[in-house]
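Undergrad: Protein chains in written order, with this note's numbering: chain A, 88 to 458; chain B, 208 to 429.
The structure under discussion is supplied below as structure tokens; questions concerning it will follow.
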Ligand SMILES: Nc1ncnc2c1ncn2[C@@H]1O[C@H](COP(=O)(O)OP(=O)(O)OP(=O)(O)O)[C@@H](O)[C@H]1O
Ligand SMILES: [Mg+2]
């Protein structure tokens with residue numbers, strides 16, 4: 088656990104970057120520091136491994152005041168990942184990952200062996216091991232950066248905008264990989280980002296900072312969306328927070344999944360049975376939904392050209408947000424529901440989804456009143 | 208070309224060539240060794256950059272002949288001692304290389320150095336294991352300039368009687384012969400080309416990590 092106790096930082100030029108910050112980063116969880124540019128996120132994070140010294144207040148790690156630990160010893164206990172990875176350009180991927188163990192006296196062969204394991208852990212193919220950083224894509228460099236930070240298996244990890252330098256698709260992929268990785272390694276992580284969406288995806292706990300390093304709110308993503316502390320947080324969390332907060336609750340067992348007419352691509356027209364409103368769900372050979380098809384569009388057989396692809400699907404255990412989206416995007420108001428393998432289960436009506444959302448809100452309010 | 212003169216002076220010419228090599232190489236190596244900590248210091252403390260780089264650069268403006276003549280008075284050596292030449296050239300190398308080292312270190316990506324610091328590299332480890340290796344191409348490109356300039360400055364030492372290839376020029380002048388002068392010029396050129404290629408080769412060997420296009424392109428040809 089990392090604890091900030093009334094920590095402030097004033098730079099020599101008088102800039103107050105962090106003001107009286109008290110915050111706990113719980114063991115084994117991801118704490119995200121988020122806020123607008125210049126609000127003191129990086130400064131806060133860099134005070135943990137004493138790249139910057141606080142002007143006042145104290146930071147403890149597992150109960151030990153960091154100001155009493157030798158800076159270098161402290162840093163070796165904390166993995167560090169930065170934007171653009173900051174890899175050593177003169178070392179191969181393998182030797183970048185093994186750099187710190189080598190510095191601390193691990194034998195070269197041993198360091199390389201461990202580095203190989205780490206590359207696999209972060210999802211890099213071993214054929215990249217002997218490349219130099221300039222021969223990697225941005226996403227690959229970032230993965231090497233994560234592997235390097237884990238090389239000595241430190242209990243803590245600091246990450247400053249680790250996924251900001253890659254394009255949105257790669258970023259989403261890295262975020263998901265990172266969450267899976269964290270499930271396996273369970274480090275105590277402090278991650279800085281200016282992107283509230285990233286914070287909501289990655290954070291077990293989110294600390295929203297405002298200009299001047301004031302802590303505006305610390306809460307789980309769900310609470311942040313449902314119950315922002317003030318207008319600044321509400322504004323920062325942004326539009327559609329009501330919709331996004333549905334991402335944290337699943338549909339309850341009272342939500343009816345109804346039977347629907349369906350047919351497999353290629354079925355002859357005379358065998359097709361449509362719903363009263365003229366629609367059916369078109370399936371592929373594995374009975375996975377492709378989209379909706381209307382009676383008026385289908386020719387001699389069910390062809391791809393007749394299919395409306397607009398509707399999204401929700402799998403049974405998915406959050407309410409997916410159900411609502413499936414219903415709203417459907418051409419007939421009914422959302423397609425699949426099982427875990429993606430095969431068709433049935434449909435859910437917009438009214439039933441809205442009712443489920445009502446019940447979830449009621450349950451949350453009751454839980455809050457009880458606590 | 209006067210072949211009689213050449214053949215009867217062959218062993219002397221060889222001696223001069225070797226002396227010239229030593230008088231060039233020792234100051235180059237020592238000067239570089241001294242420039243490394245000074246350049247690091249100038250890079251590390253931005254407030255001192257101007258002072259350190261400016262002051263050391265100033266030495267380069269002192270004429271070599273004045274140096275050779277004044278040094279014995281300042282440090283108490285004999286006027287004919289080759290050590291005067293070595294010291295003067297060491298100072299020239301230093302004057303040139305302090306800026307090169309400081310600028311080479313400044314060209315190392317900031318986040319690379321920052322990552323090393325955050326990982327727990329001590330300042331000296333950072334310097335030897337990260338900053339210096341990455342700055343090698345810049346530093347050695349500067350060293351090629353220093354070596355070539357040293358080779359030509361050394362010849363001036365003939366005027367104060369220190370033997371090296373420059374002695375061929377004074378010899379040729381006093382005998383009224385073209386051959387020693389031409390021989391001296393050709394050998395100086397030869398040494399310059401060989402040393403330049405050696406440093407280039409060293410730079411290539413030390414930086415297998417650079418993109419091939421950069422390594423072979425005009426980028427390194429100072
Ligand atoms: N070395 C410094 N000297 C003076 N002021 C500084 C220094 N470093 C940062 N600041 C100031 O402190 C404030 C906080 O900076 P910090 O880098 O912590 O912000 P940040 O939240 O990480 O911003 P960003 O999202 O843009 O990275 C800013 O106003 C910045 O200008
Ligand atoms: Mg920042």
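Don't be surprised by glycine CBs; every beta carbon is placed ideally from N, CA and C.
Fair warning: this is a prediction, and the values are worked out from it, not measured in the lab.
Runs of 3 residues minimum, wholly inside the segment 377 to 406 of chain B: which ones carry the beta strand (DSSP E) assignment?
TA: Listed in chain order, nothing qualifies, since the segment 377 to 406 of chain B has no complete beta strand (DSSP E) run of 3 or more residues.
Undergrad: Determine the burial state of residue 221 (chain A): buried for a count of at least 16 other Cβ atoms within 10 Å of its Cβ, exposed for fewer.
TA: Exposed is the call here.
Undergrad: Counting by C-beta, which residues lie closer than 7 Å to a heavy atom of ligand 2, in chain order?
TA: Per the Cβ criterion, the list is A:128, A:129, A:247, A:248 and A:279.
Undergrad: Taking 7 Å as the cut-off, does the CB of residue 281 (chain A) come closer than this to any heavy atom belonging to ligand 1?
TA: Result yes, Cβ under 7 Å from ligand 1.
Undergrad: What does residue 341 (chain B) touch in chain A if you count any residue whose Cβ is under 8 Å from its own?
TA: Within 8 Å Cβ-Cβ: 175, 176 and 177.
Undergrad: Does the segment 202 to 211 of chain A come close enough to the segment 347 to 357 of chain B that 3 or more CB-CB pairs lie under 8 Å?
TA: Counting Cβ pairs under 8 Å, fewer than three are found: no touch.
Undergrad: Can you tell me the Cα-Cα spacing of residue 157 (chain A) and residue 451 (chain A), whole angstroms?
TA: Approximately 47 Å, taken between the alpha carbons.
Undergrad: My assumption, with CB atoms under 8 Å, is that residue 298 (chain A) sits in contact with residue 125 (chain A). Please give the rounded CB distance.
TA: The Cβ separation is near 7 Å, so the contact holds.
Undergrad: Could you tell me which residues DSSP pairs with residue 167 (chain A) in its beta bridges?
TA: BP columns for residue 167 (chain A) point to A:245.
Undergrad: Would you check whether ligand 1 has a heavy atom nearer than 7 Å to the C-beta of residue 104 (chain A)?
TA: True, at least one ligand heavy atom lies under 7 Å from that Cβ.
Undergrad: Between residue 117 (chain A) and residue 165 (chain A), is the Cβ-Cβ spacing less than 8 Å?
TA: Cβ atoms of residue 117 (chain A) and residue 165 (chain A): not closer than 8 Å.
Undergrad: When the Cα atoms are used, what is the spatial distance from residue 221 (chain B) to residue 377 (chain B)?
TA: One C-alpha to the other measures close to 17 Å.
Undergrad: List, from N- to C-terminal side, the alpha helix (DSSP H) runs of 4 residues or more that fit wholly inside the segment 239 to 282 of chain B.
TA: Here the runs fully enclosed are 253 to 265 and 271 to 282.
Undergrad: So for residue 426 (chain B), helix, strand or coil by DSSP?
TA: Confidence at residue 426 (chain B) is low in this model, with a pLDDT of 45, below 50, so the placement of that residue should be treated as unreliable; the coordinate-derived value is given next. Residue 426 (chain B): helix per DSSP, three-state reduction.
Undergrad: Would you grab the beta carbon distance between residue 295 (chain A) and residue 247 (chain A) for me? Rounded to a whole angstrom, and I think it's under 8 Å.
TA: Residue 295 (chain A) to residue 247 (chain A), Cβ: 17 Å. No contact.
Undergrad: Should residue 244 (chain B) be flagged as near chain A, meaning a C-beta pair shorter than 8 Å?
TA: No, residue 244 (chain B) does not count as interfacial toward chain A.
Undergrad: CB residue 300 (chain B) to CB residue 245 (chain B), shorter than 8 Å?
TA: The answer is no: Cβ separation not under 8 Å.
Undergrad: Using the rule of at least 16 other Cβ atoms within 10 Å of the residue's Cβ for burial, across every protein chain shown, is residue 91 (chain A) buried or exposed?
TA: Buried, because 16 or more other Cβ atoms sit within 10 Å of the Cβ of residue 91 (chain A).
Undergrad: For residue 212 (chain B), which three-state DSSP category applies?
TA: Residue state, collapsed to three classes: helix.
Undergrad: By a C-beta neighbour count over all protein chains shown, 10 Å radius and 16 as the cutoff for buried, is residue 268 (chain B) buried or exposed?
TA: Classification of residue 268 (chain B): exposed, given that the 10 Å Cβ count is below 16.
Undergrad: Does the separation of the CB atoms of residue 369 (chain A) and residue 402 (chain A) fall below 8 Å?
TA: In this structure, residue 402 (chain A) does not lie closer than 8 Å to residue 369 (chain A) by Cβ.
Undergrad: Quick check: the Cα distance between residue 390 (chain B) and residue 275 (chain B), rounded to an integer number of angstroms?
TA: The straight-line gap from Cα to Cα measures roughly 24 Å.
Undergrad: Got a sec: does ligand 1 put a non-hydrogen atom nearer than 7 Å to the Cβ of residue 140 (chain A)?
TA: It does not: the Cβ of residue 140 (chain A) is nowhere closer than 7 Å to a heavy atom of ligand 1.
Undergrad: On a CA-only basis, which of A:185, A:364 and A:147 is nearest residue 243 (chain A)? Give me that one, please.
TA: Per the Cα distances, A:147.
Undergrad: Could you pull out every residue in the same chain whose Cβ sits closer than 8 Å to the Cβ of residue 355 (chain B), ignoring the five residues on either side in sequence?
TA: Within the same chain, residue 355 (chain B) has close Cβ partners 399, 402 and 403.
Undergrad: Any heavy atom of ligand 1 closer than 7 Å to the Cβ of residue 124 (chain A)?
TA: Result yes, Cβ under 7 Å from ligand 1.
Undergrad: Just to check my reading of the structure: residue 389 (chain A) and residue 354 (chain A) have Cβ atoms closer than 8 Å, yes? What is that Cβ distance to the nearest angstrom?
TA: With a Cβ gap of about 5 Å, residue 389 (chain A) and residue 354 (chain A) count as contacting.
Undergrad: For chain A, check one thing: does any of its Cβ atoms lie closer than 8 Å to the Cβ of residue 429 (chain B)?
TA: Confidence at residue 429 (chain B) is low in this model, with a pLDDT of 36, below 50, so the placement of that residue is unreliable and no value is reported for it.
Undergrad: Just how far apart, CA to CA, sit residue 188 (chain A) and residue 323 (chain A)?
TA: Each residue's Cα considered, the two are about 41 Å apart.
Undergrad: Assuming contact is defined by CB atoms lying nearer than 8 Å, are residue 394 (chain A) and residue 378 (chain A) in contact in what I supplied?
TA: Yes, these two residues count as a Cβ contact at 8 Å.
Undergrad: Since residue 153 (chain A) and residue 95 (chain A) should fall inside the 8 Å C-beta cutoff, what is the C-beta to C-beta distance between them, to a whole number of angstroms?
TA: That belief does not hold up - the Cβ atoms of residue 153 (chain A) and residue 95 (chain A) are roughly 15 Å apart, past 8 Å.
Undergrad: In chain order, which beta strand (DSSP E) runs of at least 3 residues are fully inside the segment 338 to 375 of chain A?
TA: You should have 349 to 351 and 366 to 370.
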